[in-house]
Amino acid sequence: MNKPGLQRLETHFEFGENWRDYLANVDDDAIREAERGLLDLLPREAITGSRFIDIGCGSGLHSLAALRLGAAEVVAVDIDPNSVSAARDLLNRYAPGAPVTIRELSIFDAHREELGEFDIVYSWGVLHHTGAMWAAIEKAAGLVRQGGHFAIALYQKRPTCGFWRLEKRLYTNMAEPVRAAIRGIYKAAFYVGLVVTRRNPWTYVANYKGKRGMNFHNDVHDWLGGYPYESATPEEVKTCFARLGFRPIVERPRPKDFGLLGTGCAEFTFRRG
Numbered sequence: 003m004n005k006p007g008l009q010r011l012e013t014h015f016e017f018g019e020n021w022r023d024y025l026a027n028v029d030d031d032a033i034r035e036a037e038r039g040l041l042d043l044l045p046r047e048a049i050t051g052s053r054f055i056d057i058g059c060g061s062g063l064h065s066l067a068a069l070r071l072g073a074a075e076v077v078a079v080d081i082d083p084n085s086v087s088a089a090r091d092l093l094n095r096y097a098p099g100a101p102v103t104i105r106e107l108s109i110f111d112a113h114r115e116e117l118g119e120f121d122i123v124y125s126w127g128v129l130h131h132t133g134a135m136w137a138a139i140e141k142a143a144g145l146v147r148q149g150g151h152f153a154i155a156l157y158q159k160r161p162t163c164g165f166w167r168l169e170k171r172l173y174t175n176m177a178e179p180v181r182a183a184i185r186g187i188y189k190a191a192f193y194v195g196l197v198v199t200r201r202n203p204w205t206y207v208a209n210y211k212g213k214r215g216m217n218f219h220n221d222v223h224d225w226l227g228g229y230p231y232e233s234a235t236p237e238e239v240k241t242c243f244a245r246l247g248f249r250p251i252v253e254r255p256r257p258k259d260f261g262l263l264g265t266g267c268a269e270f271t272f273r274r275g
């Protein structure tokens, strides 16, 4: 299927390469933190026995977490072949023979008629990178069964979103030595921000795995290069889901700020019907 503009993979930041690099950081602690991240958004009883789809699965870490929390079947999809490869490697390592299907698939090609419907649709920090965020949300929402859950995280709109969109587009097309320099400058500014707010930068980085099992340095690369880029206010997100027949059961917006060092993701869980 020919897709317009920013929906095409070749216009995107190479998320999959970053996820492959991240695999070296996955251990039992990271997996436990990923499980906690899921349980922050979804009741455990909703996950147990569920049919679960991970849209934009990246490394596959949260697909693995869903399996460990008792999902009966997991479908993990990603548009990036390197992400698909990373997810296969991770799940083969930690969950060989598990009831999981991993596919290279764009959300815009994810049809209910082919995939069926799911008890849980999970898409954390993904659909704002599709090049058509609202259309992607509507497409993903169509996969949720009546009474099912949609757990989602999206960039929260800030005054600096225009700047970050431009930065990400430029970073995505830069040579690696230039990117490395930008990462160094960004990290230095971030560390200064931590010190100013009386937080220890070394402790922050060392404990970063507590953020859903992630790695600080991979997340910096992902943030600076995460293109395409869209964002939404919490009110826009809730209005969209209400129109689609969902009601919120978890709302976790970010604190209001200027977004000088990043916009951050607001988290939500919606229930259909």
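The numbers in the numbering used here rise by one with no breaks, and the one at position 224 of the sequence shown is 226. Where is the CB? At the ideal position from N, CA and C, for every residue including glycine. Given the structure is predicted, the values throughout are model-derived calculations rather than measurements.
Annotation for arginine 200: no beta strand (DSSP E) segment contains it, and DSSP assigns it neither H nor E.
Of all alpha-carbon atoms in Gly18, Asp259 and Phe54, the one lying nearest the alpha-carbon of phenylalanine 152 is that of Phe54.
Judged by DSSP secondary structure, proline 236 falls within the alpha helix (DSSP H) whose first and last residues are 236 to 245. With a threshold of 16 other beta carbon atoms within 10 Å, valine 76 meets it and is buried. With 16 or more other Cβ atoms from the protein chains shown falling within 10 Å of its own Cβ, histidine 223 counts as buried.
Just measuring C-alpha positions, the residue of Glu116, Gly62, Pro83 and Phe110 sitting nearest glycine 18 is Pro83. Secondary structure of histidine 151 (DSSP, three-state): strand. Looking at Pro98, Thr162, Phe270 and Asn217, the one whose alpha-carbon comes closest to that of glutamate 238 is Phe270. For proline 179, the number of other beta carbons within 10 angstroms of its own is below 16, and it is reported as exposed. At a cut-off of 4 residues, the continuous stretches assigned as alpha helix (DSSP H) that sit fully inside the stretch 10 to 67 are 17 to 24, 30 to 43 and 46 to 49.
Counting of Cβ neighbours within 10 angstroms places asparagine 217 among the buried residues, the total reaching 16 or more. It is roughly 30 Å from the alpha-carbon of tyrosine 157 to the alpha-carbon of alanine 74. DSSP links arginine 249 through a beta bridge to Arg273. Taking every protein chain shown into account, the CB of proline 45 has fewer than 16 other CB atoms within 10 angstroms, so this residue is exposed. The count of Cβ pairs closer than 8 Å, one atom from the stretch 163 to 171 and one from the stretch 229 to 238, reaches three, so the stretches are in contact. Short of 7 Å from the beta carbon of leucine 43, and not among the five residues preceding or following it, lie these beta carbons of its own chain, in chain order: Ala153, Val252, Glu269 and Thr271. Tyrosine 229 carries a coil assignment under DSSP once its states are collapsed to helix, strand and coil.
Annotated as distal: alanine 88 and arginine 38, with beta-carbon spacing of 8 Å or more. Glutamate 35 and leucine 63 have their C-alpha atoms roughly 10 Å apart. Leucine 156 carries a strand assignment under DSSP once its states are collapsed to helix, strand and coil.
When Pro257, Thr265, Phe248 and Gln9 are compared, the shortest CA-CA separation from arginine 147 is found for Phe248. Under DSSP, the beta-bridge partners assigned to threonine 103 are Val77. For arginine 90, the secondary structure class from DSSP, reduced to helix, strand or coil, is helix. Distance from glycine 72 to isoleucine 49 at the Cβ level is roughly 6 Å; contact confirmed, criterion being Cβ atoms closer than 8 Å. Short of 6 Å from the beta carbon of alanine 32, and not among the five residues preceding or following it, lie these beta carbons of its own chain, in chain order: Lys211 and Gly215. A residue is called buried once 16 or more other Cβ atoms fall within 10 Å of its Cβ, and alanine 208, having fewer, is exposed. Only exposed fits arginine 201, as fewer than 16 other CB atoms lie within 10 angstroms of its CB. Annotated as proximal: glycine 7 and glycine 133, with beta-carbon spacing under 8 Å. Annotation for lysine 189: Val222 place their beta carbon closer than 7 Å to its own, counting only its chain and skipping 5 residues before and after.
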